[in-house]
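To start, the structure itself, in structure tokens.
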Amino acid sequence: MEKITVELTKNPKQKPVGDLPFGKIFTDHMFVMEYEAGKGWFNPRIVPYGPFSMDPAGVVLHYGQEIFEGLKAYRSPNGEIRLFRPEQNYMRMNKSCERLSIPLLDVDFCVEATKQLVELDKDWVPSTPDSSLYIRPFIFANDVGLGVHAAKNYIFCIILAPSGPYYPEGLDPVKIMIEDEDVRAVRGGMGYAKTGGNYAASLRAGERALEKGYSQVLWLDGVERKYIEEVGAMNVFFKINGVIVTPVLQGSILDGITRKSCIQLLRHWGYTVEERLLSVDELMGAAADGTLEEAFGSGTAAVISPIGVLAYGDQVCQINNGDIGEVSQKLYDGLTAIQWGKAEDPFGWSVKVCD
Ligand SMILES: *Cc1c(COP(=O)(O)O)cnc(C)c1O
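Using this note's numbering, the letters of the sequence shown correspond one by one to residues 120 to 474.
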């Protein structure tokens, strides 16, 4: 792969002070690389952060051929900057690319590009509690014209956003509504890919849930509308009768890196974790008879998001009296301690970028 060239900004931005929003402020630089059929990926470069110019007939605006990733850089107490399992994000990016007929990238090269960009903008990595540098790699088709086919030109870009905690109020349990009308994805579709279209499909239900006072929706499978899939943009876990249950990956659910890390940590701690089909009837039955002890979402942005209330039609159940469960808290503490370099990392998940 070519050497990454660097063009430094001539107008460094003012760094934010005080509370940071999530994903609204961007650093001084970005990574960009292009693809052309017959030529491959070329011209990897770090350049000043700035807009792309876009033709109104750009195919991505019409047919949505794009994918993205999300990870974070963390500042540890001794000032080091670290990433969490970055190779996993780029392996998953290639799975998304494959599904959307986007050319694949070299995983090691992408990790290296991420490290170089983060190191250059390292002064933007916040040191306030629970804050981090959110990293957003993405690829979009860059052909012009209204024909429907896989594009011949692409842009791969990485941008960085110093971000505060996803939930500034802290680990407060959220109210979730089980969606029985819209579906997010079906097997054979692109549910396992991190692509904008899946999010577009989810917006209407999300808005309706907000209107009813719920913060996110819990999706059911797209065929029978019977099995639990995931919650908003997070994977979901339940503790039923002492056993941790999470929906099995069958192509319609995103293979979350937080999800797989939770499963590994829980098993390491001696919990029984089942990846299996979980029907909404089984779940609501357990919620009604008190055997549903905890529920929580998992994802890079929020890490762990405890669920305090589950609603399905007219049935509204409180979980664990609306309080954070023991396992949810333990996972949040365990994962964040590894991510921020505050604890032993028995799995080698945390990767150092620089001091
Ligand atoms: C990104 C994402 C997740 C969480 O994945 P992580 O790798 O844990 O951040 C879960 N569901 C959806 C739909 C997502 O887009």
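Think of the CB as a built atom: it goes at the ideal place given N, C-alpha and C, for glycine as much as any other residue.
For clarity, every value in this text was computed on a predicted model and none was experimentally measured.
Would residue i be called buried (16 or more neighbouring beta carbons within 10 Å of its own) or exposed?
| i | result |
| --- | --- |
| Thr419 | buried |
| Arg386 | exposed |
| Lys358 | buried |
| Lys313 | buried |
| Phe275 | buried |
| Asn162 | exposed |
| Trp459 | buried |
| Trp388 | exposed |
| Asn360 | exposed |
| Asn439 | buried |
| Phe203 | buried |
| Met149 | buried |
| Gly264 | exposed |
| Pro170 | exposed |
| Met173 | exposed |
| Asn197 | exposed |
| Glu217 | exposed |
| Glu288 | exposed |
| Asp408 | exposed |
| Phe415 | buried |
| Gly432 | exposed |
| Asp242 | exposed |
Quick check: is any heavy atom of ligand 1 less than 7 Å from the C-beta of residue i?
| i | result |
| --- | --- |
| Ile376 | yes |
| Met353 | yes |
| Phe213 | The question names Phe, but residue 213 is Asn in the sequence shown. Checking the Cβ of Asn213 against ligand 1 gives no. |
| Gly315 | no |
| Glu349 | yes |
| Ser282 | no |
| Thr128 | no |
| Thr419 | yes |
| Leu373 | yes |
| Gly325 | no |
| Gly189 | yes |
If you drop the 5 nearest sequence neighbours on each side, which residues of the same chain put their C-beta closer than 6 Å to that of residue i?
| i | result |
| --- | --- |
| Val244 | Ala192, Arg194, Ile200, Leu252 |
| Ile258 | Ile186, Ile221, Tyr273, Phe275 |
| Tyr285 | Phe141, Ala420, Ala421 |
| Tyr390 | Ile363 |
| Asn321 | The question names Asn, yet the displayed sequence has Ser at residue 321. If we look at Ser321 and ignore the five residues flanking it on each side, its Cβ neighbours are Arg303. |
| Ser99 | This structure does not reach residue 99, given that the chain is present from 120 up to 474, and the question cannot be answered. |
| Pro256 | Glu188, Ile277 |
| Tyr154 | Trp160, Pro222, Tyr273 |
| Val178 | Ala260, Asp262, Ala270 |
Within its chain, find whatever has a CB closer than 7 Å to the CB of residue i; leave out the 5 residues flanking it on each side and keep chain order.
| i | result |
| --- | --- |
| Gly142 | Tyr253, Ala280, Ser282 |
| Lys331 | Met296 |
| Thr410 | Ile359, Asn360 |
| Leu190 | Leu202, Phe203, Pro205, Asn208, Ile254, Thr419 |
| Val470 | Arg201, Leu202, Pro205 |
Below 8 Å CB to CB, which residues in the same chain sit around residue i once its five sequence neighbours on both sides are set aside?
| i | result |
| --- | --- |
| Pro131 | Asp147 |
| Val435 | Val428, Leu429 |
| His181 | Leu265 |
| Gln383 | Phe466 |
| Val267 | Tyr182 |
Would you mind reading off the limits of the alpha helix (DSSP H) that contains residue i?
| i | result |
| --- | --- |
| Leu454 | 445-458 |
| Leu385 | 376-387 |
| Gly316 | 315-330 |
| Val179 | 178-182 |
| Met309 | Where Met309 is concerned, there is no enclosing alpha helix (DSSP H), given that its DSSP letter is neither H nor E. |
| Leu402 | 399-408 |
Along the chain, where does the beta strand (DSSP E) that runs through residue i open and close?
| i | result |
| --- | --- |
| Met149 | 148-155 |
| Tyr333 | Where Tyr333 is concerned, there is no enclosing beta strand (DSSP E), given that its DSSP letter is neither H nor E. |
| Tyr253 | 251-260 |
| Ala414 | 411-418 |
| Gly427 | 422-431 |
| Glu393 | 392-395 |
| Leu139 | That residue, Leu139, is in no beta strand (DSSP E); it is neither H nor E in DSSP. |
| Phe275 | 272-282 |
| Asn130 | Per DSSP, Asn130 belongs to no beta strand (DSSP E) and is neither H nor E. |
| Thr365 | 362-366 |
Can you check whether the C-beta of residue i is within less than 8 Å of a C-beta belonging to chain C?
| i | result |
| --- | --- |
| Ile457 | Of the protein chains in this structure there is only one, and it is not chain C. |
query: Taking only runs of the alpha helix (DSSP H) that begin and end inside the segment 190-245, which ones reach a length of at least 4 residues, in chain order?
result: Complete alpha helix (DSSP H) runs here, min 4: 205-218, 226-239.
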